[in-house]
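Enquirer: My structure is below; once you've seen it, I'll send some questions.
Residue numbers (full-length UniProt numbering): 1 to 192.
And the structure:
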């Protein structure tokens, strides 16, 4: 099959009342990060546990919709590996049918392009505004690219909102989150 490699970037604002260090701590919690995906059904440490280069590996199972509206679900098994970095996390996924991805999560200061792209409104942030950015490089069959892109970006947006909401809950306790009523930055529910 013909393969393609493409990159998606998901950038989520970190509200000023959320400590970016807690967001980084949550990214370093691999089990938490795995369970933030709403399509993950279960996971466990891989039998080999740790690969060369300090990658910690897990077996992960997901239910994916093969047809719209959940009419035909299929469970897939894949491996996910993680390496902590000072300002985030790097993860690698090797899944069936030749799918592979590398996601580089980075907590960083907002840049002008974040404002230009609408990640932050003009009145938000200012100096010291922070974002959670995830650059995802994916390789798969050209046949699966539309399905992968249609699924990946919304799932990652929801995951980011949950990570930021959980960081807020750790810092302040209770529910509600930084956007109020458990909603993400786009007004949709941050909960699966």
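Using N, Cα and C, we set each Cβ at its ideal position, and we do this for glycine too.
Hey, how far is the Cα of residue 4 from the Cα of residue 85?
Expert: When rounded, the distance between both Cα atoms is 28 Å.
Enquirer: Measuring CB atoms only, is the stretch 131-150 touching the stretch 31-48, in the sense that at least three cross pairs come out at less than 8 Å?
Expert: No: the two stretches stay apart, fewer than three of their Cβ pairs being nearer than 8 Å.
Enquirer: According to the Cβ coordinates, are residue 102 and residue 137 closer than 8 Å?
Expert: Yes; because the gap between Cβ atoms is below 8 Å, this pair is in contact.
Enquirer: If you follow the alpha helix (DSSP H) that residue 24 is part of, which residue opens it and which one closes it?
Expert: Its alpha helix (DSSP H) spans residues 20-28.
Enquirer: Do you know how far the Cα of residue 140 is from the Cα of residue 24?
Expert: Going by the C-alpha atoms only, they are around 29 Å apart.
Enquirer: Within its chain, find whatever has a CB closer than 8 Å to the CB of residue 155; leave out the 5 residues flanking it on each side and keep chain order.
Expert: Closer than 8 Å at the Cβ level, and outside the excluded window around residue 155, lie 37, 38 and 39.
Enquirer: Helix, strand or coil: which one does DSSP assign to residue 34?
Expert: Helix.
Enquirer: Among all the DSSP beta bridges, which residues are the ones paired with residue 10?
Expert: 134, per the DSSP bridge assignment.
Enquirer: Among 21, 7, 92 and 143, which has the Cα closest to the Cα of residue 166?
Expert: The residue with the shortest Cα to Cα distance from residue 166 is 21.
Enquirer: To the nearest angstrom, report how far apart residue 173 and residue 161 are at their CA atoms.
Expert: When rounded, the distance between both Cα atoms is 17 Å.
Enquirer: Bridge partners of residue 88, per DSSP?
Expert: According to DSSP, residue 88 bridges with 85 and 106.
Enquirer: Suppose you measure from the CA of residue 164 to the CA of residue 158; what does that come to, to the nearest Å?
Expert: Taking the straight line joining both Cα atoms gives about 10 Å.
Enquirer: Using only alpha-carbon positions, find the residue among 151, 87 and 128 that is nearest to residue 28.
Expert: Checking every option, the nearest Cα to that of residue 28 belongs to 87.
Enquirer: Please check the pair residue 81 and residue 57, which I expect to be a contact at CB under 8 Å, by giving their CB distance rounded to whole angstroms.
Expert: That belief holds up - the Cβ atoms of residue 81 and residue 57 are roughly 5 Å apart, short of 8 Å.
Enquirer: Report the CB separation of residue 75 from residue 33 in whole angstroms; it is logged as a contact under 8 Å.
Expert: Actually they do not touch by this definition, with Cβ atoms about 20 Å apart.
Enquirer: Tell me where the alpha helix (DSSP H) around residue 129 begins and ends.
Expert: Neither: residue 129 is in no alpha helix (DSSP H) and is coded neither H nor E.
Enquirer: Give me the Cα-Cα distance between residue 153 and residue 41, rounded to the nearest whole angstrom.
Expert: Cα to Cα, the separation comes out at about 19 Å.
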